[in-house]
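Visitor: The listed protein sequences correspond, in order, to chains A and P.
All residue numbers for the first sequence refer to the working numbering, where the first residue is 1 and numbers rise by one.
All residue numbers for the second sequence refer to the working numbering, where the first residue is 1001 and numbers rise by one.
Structure in structure tokens, see below.
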Amino acid sequence: MSILFTGRATGAAAKKIGLLRRFIMFWLNHIRQAIASLGELWRTPSASVLTIAVLGVSLTLPATLHLLVKNMQQISSSFTQAAEISLYIREQTADNQVQSLVAILRADPEIAQVIFVSKQEAMAEFQQISGFGAALNYLSTNPLPDLIRVLPKNTALEAAGRLLQRLSDERVVEFAKLDIDWLTRLNAIVGMLQQAVLIIALLLLSAVLLIVGNTIRLSIMNKKDEIEVMKLVGATDAFIQRPFLYTGVWFGVFGGLLAFLVVEAMLWWLQSAISNVTALYQSDFSLQAMNFNEFLSLLLIAILLGLTGSYLSVRRHISVIEPTGP
Amino acid sequence: MLQFDQVSKSYPGGFVALDRISFRLEKGEMAFLTGHSGAGKSTLLKLISLIERPTAGRVLINDIELSRIKRSQIPYVRRDVGIIFQNHRLLMNHTVFDNVALPLVIEGFTGKEMVKRVHAALDKVGLLDKVRCLPATLSGGEQQRVGIARAVVNKPPLLLADEPTGNLDPDLSKDTMRVFEAFNQVGVSVLVATHDLGLVARMKYRTLTLKHGRMINDGLLQYQEPL
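Structure follows, in structure tokens:
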């Protein structure tokens, strides 16, 4: 395109080429420039490695925190029994009334499991566990009530609370009890952790943005002369900034990969220590590593941050550089 | 092709670099621009290549006023004007080929077409055998000629040169001027700024002489033997 000389065909436009071919050339050019930027990084290894290391470490922390929250959620979800509702049956309720309630509850779509514990079973269990043993035989009557243990399908707090309300309205139920306090606390702690992780992640990710921005700024300053020459022979800002954007993308790719490797190494390191702890608690807890989707998101976030950081830097600094004279 | 119409340029602080300059360079014409350093030669070239804007008056290329050119359009204007710099401004860590190819890459050339044009441009300045060299390994004259090849590789209709013979010996200077003449003969308008008055006088082309920002002579320069 020529502004001054109409009809002067310049550049690639001078040659008539097909749309498909132009499309292919477009991508070919981009790939070529991406590889050229990679070569540029390769030529200054010490500076590039330092920047990538800083990015990797900055990305490792949010990734680790994410895994921590994920494993916490796994633990808390293994405590679904915490949301068990205990229904204490009134004295002098006929057995068939209790049995029909059990049958109704079993058919209830909101309930996952119903366990009936008769007062005799309860007494036997109590004798076994409490250690009073024979002393309990001196009781003239069994003071324990019948008990129905209900496991709601939805263990979320509000849903379990609603179910509790509904079940305590049953006629034969003396009162219903749900260990809500415990659940509330656990949920609050997990929620708080999630918030903290979010804030820390945001801080560290903005640090990544600033690091990339500053590194790109320095490399623009280093190439000031080259940029001036390019502007003098008619390069647009878009053309000049493209290699820098690719550099940012590469920083993201390598920083993300490094963060992934560090997290994996850390998990491997911690594995035996954690299994010691969980063995003491007789839990079947197994450490959750990063899955493929999380790996991809980590990489994508890293690349986006690299691109954004370099874009912000390039926008500010490339247009400022103007050739001062022939 | 190129027209200056009552152009003045003053810098902050009141220094007047150009004072009501008017001239016209026709299509396919070659001219010299002379004067002592500080006379305004560089400023005049800067106005054409849109590095600076005039304080008053109009600069026109091909009857298009440069003041109408928006900032985002400047790169496209510069592609139509080949510029040769006194300190040749090559990219020192790129090969001769890369340097000459730069304007073509910017315009989106690739592959064989680009190679063909770069080789043609280097052939014209006689440096085809140095394609793979780094500029640092070339002599001053050769570096200058690489700069010329880069300026003409995309065949601009207008060629500007700022002291192209500034640090060359007389023989090399003459050769360089012959290269410009050759381009002029194929229809390119050429404007060469130089203070080498002897060379200018021998070449017998139209000469614009600047002194303290004013045009004091427009025409052939009489050769004076140095005392």
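Ideal Cβ placement from N, Cα and C applies to all residues, glycine included.
#1: Give a yes or no on whether the C-beta atoms belonging to Met230 (chain A) and Thr1110 (chain P) are separated by under 8 angstroms.
#2: Relative to the C-alpha of His1212 (chain P), which candidate in P:Lys1009, P:Met1001 and P:Leu1220 has its C-alpha closest?
#3: How big is the Cα-Cα spacing for Gln81 (chain A) and Tyr281 (chain A)?
#4: What in chain P is Cβ-close to Pro243 (chain A), meaning under 9 angstroms?
#5: Within the continuous beta strand (DSSP E) that includes Ile1061 (chain P), where are the two ends?
#6: What residues match up with Ile111 (chain A) in a beta bridge as DSSP calls it?
#7: Which whole-angstrom value is the C-beta distance of Lys153 (chain A) and Ser86 (chain A), which I expect to be below 8 angstroms?
#8: Are the CB atoms of Phe1032 (chain P) and Met1215 (chain P) nearer to each other than 8 angstroms?
#9: For Val1153 (chain P), which of helix, strand or coil comes out of DSSP?
#10: Grab the span of the alpha helix (DSSP H) containing Arg1206 (chain P) for me, first residue to last.
#11: Are there 16 or more other CB atoms within 10 angstroms of the CB of Lys1046 (chain P), so buried, or fewer, so exposed?
#12: Going by C-alpha distance, which of A:Glu84, A:Ile148 and A:Asp169 is nearest Glu382 (chain A)?
#13: Output the boundary residues of the beta strand (DSSP E) element that contains Gly1082 (chain P).
#14: Just how far apart, CA to CA, sit Val320 (chain A) and Lys1155 (chain P)?
#15: Residues of chain A with a CB under 8 angstroms from the CB of Thr1110 (chain P): which are they?
#16: For His317 (chain A), is the classification buried or exposed, using 16 other Cβ atoms within 10 angstroms of its Cβ as the cut-off for buried?
#17: Going by DSSP in three states, Phe1032 (chain P) sits in which element: helix, strand or coil?
#18: When DSSP labels each residue in this structure, what does Arg185 (chain A) get in the three-state scheme?
#19: Are the Cβ atoms of Leu1210 (chain P) and Ser1189 (chain P) separated by less than 8 angstroms?
#20: Under 7 angstroms Cβ-Cβ, which residues of chain C neighbour Pro323 (chain A)?
#21: Excluding the 5 residues preceding and the 5 following Ala1056 (chain P) in the sequence, name in chain order all residues of the same chain whose CB lies nearer than 6 angstroms to its CB.
#22: Kindly confirm or deny that the stretch 1081-1092 of chain P and the stretch 1159-1171 of chain P touch, where touching means at least three C-beta pairs closer than 8 angstroms.
#23: Tell me whether the beta-carbon of Ile200 (chain A) lies closer than 8 angstroms to the beta-carbon of Pro62 (chain A).
#24: With Gly1111 (chain P) as the anchor, note down where its alpha helix (DSSP H) starts and where it stops.
#25: Can you name, in chain order, every residue of its own chain whose Cβ lies under 7 angstroms from the Cβ of Gln1003 (chain P), other than the five neighbours on each side?
#26: Step through the CB atoms of chain P and report whether any lies within less than 8 angstroms of the CB of Gly234 (chain A).
#27: Would you tell me roughly how many angstroms separate the C-alpha atoms of Ala107 (chain A) and Thr93 (chain A), rounded to the nearest one?
#28: Do we get a CB-CB distance below 8 angstroms when we pair Ile3 (chain A) with the residues of chain P?
#29: So which residues on chain P does Val229 (chain A) lean against when the C-beta distance must stay under 7 angstroms?
#30: Would you say the stretch 1066-1074 of chain P touches the stretch 207-217 of chain A, given that touching needs at least three Cβ pairs under 8 angstroms?
#31: Taking Cβ positions only, does Glu226 (chain A) come closer than 8 angstroms to chain P?
#32: Using a Cβ-Cβ cut-off of less than 8 angstroms, list which residues of the stretch 1021-1033 of chain P approach chain A; keep chain order.
#33: So that I know if they touch, is there some Cβ in chain A lying closer than 8 angstroms to that of Pro1054 (chain P)?
#34: Could you please give me the residues that DSSP links to Asp225 (chain A) through a beta bridge?
#35: Go to Arg1214 (chain P), then tell me how far its beta strand (DSSP E) extends in each direction, as first and last residue.
#36: Could you list which residues in chain A have their beta carbon closer than 7 angstroms to that of Asn1062 (chain P), in chain order?
Guide: Taking the definition as stated:
#1: Start at 1 with the first residue of the first sequence, and residue 230 (chain A) comes out as number 230. Start at 1 with the first residue of the second sequence, and residue 1110 (chain P) comes out as number 110. Taking 8 angstroms as the cut-off, the Cβ atoms of Met230 (chain A) and Thr1110 (chain P) do not count as close.
#2: Here residue 1212 (chain P) corresponds to residue number 212 of the second sequence, with the count starting at 1. Of the candidates P:Lys1009, P:Met1001 and P:Leu1220, the residue whose Cα lies closest to the Cα of His1212 (chain P) is P:Lys1009.
#3: Within the first sequence, residue 81 (chain A) is the residue found at index 81, counting from 1. Within the first sequence, residue 281 (chain A) is the residue found at index 281, counting from 1. Confidence is the limiting factor: at Gln81 (chain A) the pLDDT is only 49, short of 50, which leaves the residue's position unreliable and the question unanswerable from this model.
#4: Along the first sequence, read from residue 1 onward, the residue named residue 243 (chain A) stands at position 243. Think of a sphere of 9 angstroms around the beta carbon of Pro243 (chain A): no beta carbon from chain P falls inside it, the nearest being about 12 angstroms out.
#5: Counting from 1 along the second sequence, the entry for residue 1061 (chain P) is found at position 61. Residues Ala1056 to Ile1061.
#6: For the purposes of this step, residue 111 (chain A) is taken as the residue at position 111 of the first sequence. By DSSP's assignment, Ile111 (chain A) forms a beta bridge with A:Pro152.
#7: For this step, residue 153 (chain A) is matched to residue 153 along the first sequence. For this step, residue 86 (chain A) is matched to residue 86 along the first sequence. Going by Cβ atoms, the distance from Lys153 (chain A) to Ser86 (chain A) rounds to 17 angstroms, so no, they are not a contact pair.
#8: Counted from its first residue, the second sequence places residue 1032 (chain P) at position 32. Counted from its first residue, the second sequence places residue 1215 (chain P) at position 215. Annotated as distal: Phe1032 (chain P) and Met1215 (chain P), with beta-carbon spacing of 8 angstroms or more.
#9: As a position in the second sequence, residue 1153 (chain P) is number 153, starting the count at 1. Look at Val1153 (chain P) here: in three-state DSSP terms it is coil, with no helix or strand label.
#10: As a working note, residue 1206 (chain P) is residue 206 in the second sequence. It is not in any alpha helix (DSSP H) - Arg1206 (chain P) instead sits in the beta strand (DSSP E) that spans Arg1206 to Lys1211.
#11: Residue numbering aside, residue 1046 (chain P) sits at position 46 when the second sequence is read from its first letter. With 16 or more Cβ atoms within 10 Å of its Cβ, Lys1046 (chain P) is classed as buried.
#12: Only positions 1 to 326 of chain A appear in the structure, and residue 382 (chain A) is not among them; the question remains open.
#13: By one-based count along the second sequence, residue 1082 (chain P) stands at place 82. Annotation: the continuous beta strand (DSSP E) that includes Gly1082 (chain P) extends over Val1081 to Ile1084.
#14: Within the first sequence, numbered from 1, the residue matching residue 320 (chain A) stands at position 320. Within the second sequence, numbered from 1, the residue matching residue 1155 (chain P) stands at position 155. Cα to Cα, the separation comes out at about 29 angstroms.
#15: Start at 1 with the first residue of the second sequence, and residue 1110 (chain P) comes out as number 110. Chain A residues near Thr1110 (chain P): Ala12, Met25, Leu28 and Asn29.
#16: Here residue 317 (chain A) is taken as the residue at index 317 of the first sequence, counted from 1. Answer is buried; the Cβ neighbour count reaches 16.
#17: On the second sequence, position 32 is the one that residue 1032 (chain P) refers to. Three-state DSSP puts Phe1032 (chain P) in a strand.
#18: Indexing the first sequence from 1 puts residue 185 (chain A) at position 185. Assignment of Arg185 (chain A) by DSSP, reduced to helix, strand and coil, places it in the helix class.
#19: On the second sequence, position 210 is the one that residue 1210 (chain P) refers to. On the second sequence, position 189 is the one that residue 1189 (chain P) refers to. Cβ atoms of Leu1210 (chain P) and Ser1189 (chain P): not closer than 8 angstroms.
#20: Going by chain labels, chain C is absent from the structure shown, which instead holds the protein chains A and P.
#21: Numbered from its first residue, the second sequence carries residue 1056 (chain P) at position 56. Closer than 6 angstroms at the Cβ level, and outside the excluded window around Ala1056 (chain P), lie Ser1008.
#22: Touching, yes, given that three or more Cβ pairs across the two stretches are closer than 8 angstroms.
#23: One-based indexing of the first sequence puts residue 200 (chain A) at position 200. One-based indexing of the first sequence puts residue 62 (chain A) at position 62. Contact flag set, yes.
#24: Here residue 1111 (chain P) is taken as the residue at index 111 of the second sequence, counted from 1. The continuous alpha helix (DSSP H) containing Gly1111 (chain P) extends over residues Gly1111 to Lys1124.
#25: On the second sequence, residue 1003 (chain P) is found 3 positions in, with the first residue counted as 1. Annotation for Gln1003 (chain P): Arg1024 and Leu1060 place their beta carbon closer than 7 angstroms to its own, counting only its chain and skipping 5 residues before and after.
#26: The residue given as residue 234 (chain A) occupies position 234 in the first sequence. At least one chain P Cβ lies under 8 angstroms of Gly234 (chain A).
#27: Position 107 of the first sequence, counted from the start, is the residue given in the question as residue 107 (chain A). Position 93 of the first sequence, counted from the start, is the residue given in the question as residue 93 (chain A). Approximately 21 angstroms, taken between the alpha carbons.
#28: Taking the first sequence and counting its residues from 1, the one referred to as residue 3 (chain A) is at position 3. Judged by the 8 angstroms Cβ criterion, Ile3 (chain A) is in contact with chain P.
#29: Position 229 of the first sequence, counted from the first residue, corresponds to residue 229 (chain A). Per Cβ cutoff of 7 angstroms: Arg1089 and Leu1091.
#30: No contact exists between the stretch 1066-1074 of chain P and the stretch 207-217 of chain A.
#31: As a position in the first sequence, residue 226 (chain A) is number 226, starting the count at 1. True, the Cβ-Cβ gap to chain P drops below 8 angstroms.
#32: Residues passing the 8 angstroms Cβ filter: none.
#33: Your numbering for residue 1054 (chain P) matches position 54 in the second sequence. Taking Cβ atoms only, chain A never reaches closer than 8 angstroms to Pro1054 (chain P), which makes this a no.
#34: Here residue 225 (chain A) refers to the residue found at position 225 when the first sequence is read from its first residue. Per the DSSP secondary-structure output, Asp225 (chain A) pairs with nothing in a beta bridge.
#35: Start at 1 with the first residue of the second sequence, and residue 1214 (chain P) comes out as number 214. Start and end: Arg1214 to Gly1219.
#36: Indexing the second sequence from 1 puts residue 1062 (chain P) at position 62. Near Asn1062 (chain P) (Cβ distances below 7 angstroms), the residues of chain A are Leu4 and Phe5.
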